[in-house]
Amino acid sequence: MKIKPRSSLIAALSFLALSFPLFAHHGNSAYNNEKTVTVKDGTVTEFVWANPHSLILFDAKDANGKLAHWVVEGGSPSALSNLGWTRSSLQAGDVITVELFQSKLGTPVGRLNRILLSDGKELRDSAYRSKPGN
Amino acid sequence: MPNVSRALGVSIAALLAFSAAAWAQTPQSQQAQNPQNLSERVRKLELDKSTGGPAPRRDIGGAWAGSANPGLTVRFPVPPMTPLGQKMFSRNKPYRGEDGGKEVPVALSNDPLNTCDPQGFPRDITFEVRGIEFVQGPTAMWQMSQYQQLWRVIWTDGRKLPTNVGKPSGPDPRYFGFSVGHWDGDYTFVVDTVGTDDRTWLNIYGDPHSADMHVEERYTRVDHNTLNVTVTVDDPKIYTKPFVVTKYDMKWIPEQEFEEQLCVPSEMMKYQKLLAAPAGDPDASK
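Quick mapping for you: the protein sequence lines, in order, are chains A and B. Under our numbering, read the first sequence as residues 1 to 134, first letter to last. Under our numbering, read the second sequence as residues 135 to 420, first letter to last.
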């Protein structure tokens, strides 16, 4: 297969240009936007499909085995529905892996980047960034 | 330079492979699309350069799609503020600043929208302008917005704007002020507004205004599918000269349909409590 580097680059840059303003909608100064944190084996406790941003609540054990109650925000229903989400995309009890931008305060809250469901399906946030720190 | 191309291609392929390692990839083309979603349709409309033919005479009626976020990523240049303007601006704590400048975490912001307070005018046409519909009646033009599902009356029956708003003899200022409109030629509808409540902001950046502000909106129908919007603020109490607070093009929506998009107070309270406070308020996170 022949890869056309120029068109790949243009596609990647256009995507970044499109996604960054969306990310900034509700302010990102509370989060460490330089790197993502991945939380594995989280159990969904609630999915709030709402404006201004959807909320995903899940429980996961930290490195010391202590249970942490996480809350991450994703895009609005309007923005997420473009990417295949529905209000029933996540159900209480679902086991998920979550990639997020955590709060600078170190609290278990953050901005969603993407979710990996147990069936292997991926759900991206409307402000998904393939390369943090941009 | 085939070698360079090949090397670049391989490195991009490696990068993609690396980033995909832990995650299944769902191609965008296989993901469900929501045909009712206006923001997605706006993106398509912005790419569509078809004019739809000439503009009809003295007619801006119908549903128009705004840019998904006009005014959000770019703050139009604001002239120097008066001492009162600077004082009011210093009290406003936006969660979005110009070039990341004056901004605070959502939890520490006093943006009126944090409690779903009315955006008021002119913020309703500088922020979250997802869709606007004009309905032309015999004595007034109605402007309806998708966001918050609200409407304004713009009188076209020749009445004068009140000159005594806020005075003991006059009416109180209002979130959407008092508006009259007229045609300037056959393709530009001009709206003049006074008497706006000074609790509202001009935009997401916390730029203030007084109740004595005068705002001029110009809606020029360039062709059937394109409506040019220019909004000028004249507020000598706050700004040292008039300025354009926003300018953008709206596109005719073929289906003429909006989606429901509301700021719901109970949902906002939940967002503030569960997310914004622990994310950005050092006191709340202790």
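Even glycine gets a Cβ: it sits at the ideal position worked out from N, Cα and C. In this text, all values refer to a predicted model and were calculated from it rather than measured experimentally.
Interface partners of residue i on chain B, CB under 7 angstroms
i, result
"Glu73 of chain A", "Leu409"
"Asn51 of chain A", "Gln395, Leu396, Cys397, Val398 and Glu401"
"Val109 of chain A", "Leu409, Pro412 and Ala413"
Residues near residue i in its chain [Cβ-Cβ closer than 8 angstroms; skip 5 each side]
i, result
"Leu55 of chain A", "Glu46, Phe47, Val48, Val71, Val72, Glu73 and Gly74"
"Leu361 of chain B", "Ile194, Trp198, Tyr353, Thr354, Arg355, Asp383, Met384, Lys385 and Trp386"
"Pro296 of chain B", "Gly304, Pro305, Phe312, Val328 and Gly329"
"His358 of chain B", "Thr185, Gly186, Gly187, Pro188, Ala189, Pro190 and Trp386"
"Pro416 of chain B", "none"
"Gly84 of chain A", "Leu123"
"Pro132 of chain A", "Asn33, Glu34, Lys35, Thr36, Phe101 and Asn113"
Residue i: first and last residue of the uninterrupted beta strand (DSSP E) it sits in
i, result
"Met384 of chain B", "Phe377 to Trp386"
"Phe268 of chain B", "Gly265 to Gln270"
"Gln102 of chain A", "Val95 to Gln102"
"Phe323 of chain B", "Thr322 to Val328"
"Lys61 of chain A", "Leu55 to Lys61"
"Leu123 of chain A", "Glu122 to Arg124"
"Gln220 of chain B", "Note, Gln220 of chain B: premise wrong, no beta strand (DSSP E); alpha helix (DSSP H) at Pro217 to Arg225."
"Ser78 of chain A", "Not the beta strand (DSSP E): Ser78 of chain A falls in the alpha helix (DSSP H), residues Pro77 to Leu80."
"Glu350 of chain B", "His348 to Asp357"
"Glu73 of chain A", "Leu67 to Glu73"
"Gly400 of chain B", "Per the sequence presented here, residue 400 of chain B reads as Ser, with Gly not at that position. Segment Pro399 to Tyr405 is the alpha helix (DSSP H) holding Ser400 of chain B; no beta strand (DSSP E) there."
"Gly196 of chain B", "Gly196 to Ala199"
"Asp318 of chain B", "Phe312 to Asp318"
"Arg192 of chain B", "Careful: Arg192 of chain B lies outside any beta strand (DSSP E) and carries neither H nor E."
"Gln277 of chain B", "Ala274 to Ser279"
"Leu112 of chain A", "Val109 to Leu117"
"Trp85 of chain A", "Counting along the chain, Trp85 of chain A falls outside any beta strand (DSSP E), and DSSP gives it neither H nor E."
Chain-ordered neighbours of residue i on chain B, where CB pairs are closer than 8 angstroms
i, result
"Leu105 of chain A", "Pro412, Ala413, Gly414, Pro416 and Ser419"
Residue environment, residue i, which counts as buried when at least 16 other CB atoms sit within 10 Å
i, result
"Ala155 of chain B", "Here the model assigns Ala155 of chain B a pLDDT of 47, short of 50, so the residue's position is not dependable, and the following value carries that caveat. Exposed, by the Cβ-count rule."
"Gln167 of chain B", "Caution applies to Gln167 of chain B, whose pLDDT of 47 falls short of 50 and renders its modelled position unreliable; the model cannot decide the point."
"Trp285 of chain B", "exposed"
"Met222 of chain B", "buried"
"Gln395 of chain B", "buried"
"Asn137 of chain B", "For Asn137 of chain B, the predicted model reports a pLDDT of 46, less than 50, meaning its position is unreliable; a value from the coordinates is still stated below. Its Cβ having fewer than 16 others within 10 Å, Asn137 of chain B is exposed."
"Pro161 of chain B", "Here the model assigns Pro161 of chain B a pLDDT of 44, short of 50, so the residue's position is not dependable, and the following value carries that caveat. With fewer than 16 other Cβ atoms within 10 Å, it is exposed."
"Ser118 of chain A", "exposed"
"Pro108 of chain A", "buried"
"Gly319 of chain B", "exposed"
"Leu181 of chain B", "exposed"
"Gly271 of chain B", "exposed"
"Thr38 of chain A", "exposed"
"Met403 of chain B", "exposed"
"Pro399 of chain B", "exposed"
"His25 of chain A", "Residue placement at His25 of chain A cannot be trusted, given a pLDDT of 49 that sits under 50; what the coordinates show is reported in the next sentence. Buried is the call here."
"Asp258 of chain B", "buried"
"Leu67 of chain A", "exposed"
"Asn298 of chain B", "exposed"
9 angstroms Cβ cut-off: residues of chain A touching residue i
i, result
"Lys404 of chain B", "Val48, Ala50 and Leu55"
The ligand ADP heavy atom lying under 7 angstroms from the CB of residue i
i, result
"Trp276 of chain B", "The ligand ADP is absent from the structure shown, which contains no ligands of any kind."
7 angstroms Cβ shell around residue i - same chain, five flanking residues per side excluded
i, result
"Glu237 of chain B", "Pro228, Tyr229, Arg230 and Gly231"
"Pro213 of chain B", "Tyr373, Thr374, Lys375 and Phe377"
"Ile288 of chain B", "Ala274, Met275, Gln277, Ser313, Val314, Gly315 and Val325"
"Asn244 of chain B", "Asn226 and Lys227"
"Gln390 of chain B", "Gly196 and Ala197"
"Asp125 of chain A", "Gly74, Gly75, Leu112, Asn113 and Arg114"
"Lys371 of chain B", "Thr216, Leu218, Ser344 and Asp346"
"Ala136 of chain A", "Outside the displayed span of chain A (1 to 134) sits residue 136 of chain A, for which this structure offers no information."
"Glu99 of chain A", "Thr36, Thr38, Asn113 and Arg114"
"Asp331 of chain B", "Gly254, Pro307, Arg308, Tyr309 and Ala345"
"Tyr31 of chain A", "Phe101, Gln102, Ser103, Lys104, Gly110 and Arg111"
N- and C-terminal bounds of the alpha helix (DSSP H) containing residue i
i, result
"Ala411 of chain B", "Ala411 to Gly414"
"Ala50 of chain A", "Looking at the DSSP string, Ala50 of chain A is not in any alpha helix (DSSP H), and its letter there is neither H nor E."
Spatial neighbours of residue i in its chain, beta-carbon cut-off 6 angstroms, leaving aside the 5 residues before and after
i, result
"Arg209 of chain B", "Glu232 and Tyr339"
"Asp369 of chain B", "His343, Ser344 and Met347"
"Pro256 of chain B", "Val349 and Val365"
"Leu179 of chain B", "Ala199 and Lys385"
"His69 of chain A", "Asp59"
"Leu408 of chain B", "none"
"Gly300 of chain B", "Pro307 and Ala345"
Residue i: contacting residues in chain E (beta-carbon distance under 7 angstroms)
i, result
"Val356 of chain B", "The structure shown contains no chain E; the protein chains it does contain are A and B."
Interface positions of the region 78 to 89 of chain A facing chain B (Cβ-Cβ less than 7 angstroms), listed along the chain: Only Ser78, Ala79, Ser81, Asn82, Leu83 and Gly84 from the region 78 to 89 of chain A bring a Cβ to less than 7 angstroms from some Cβ of chain B.
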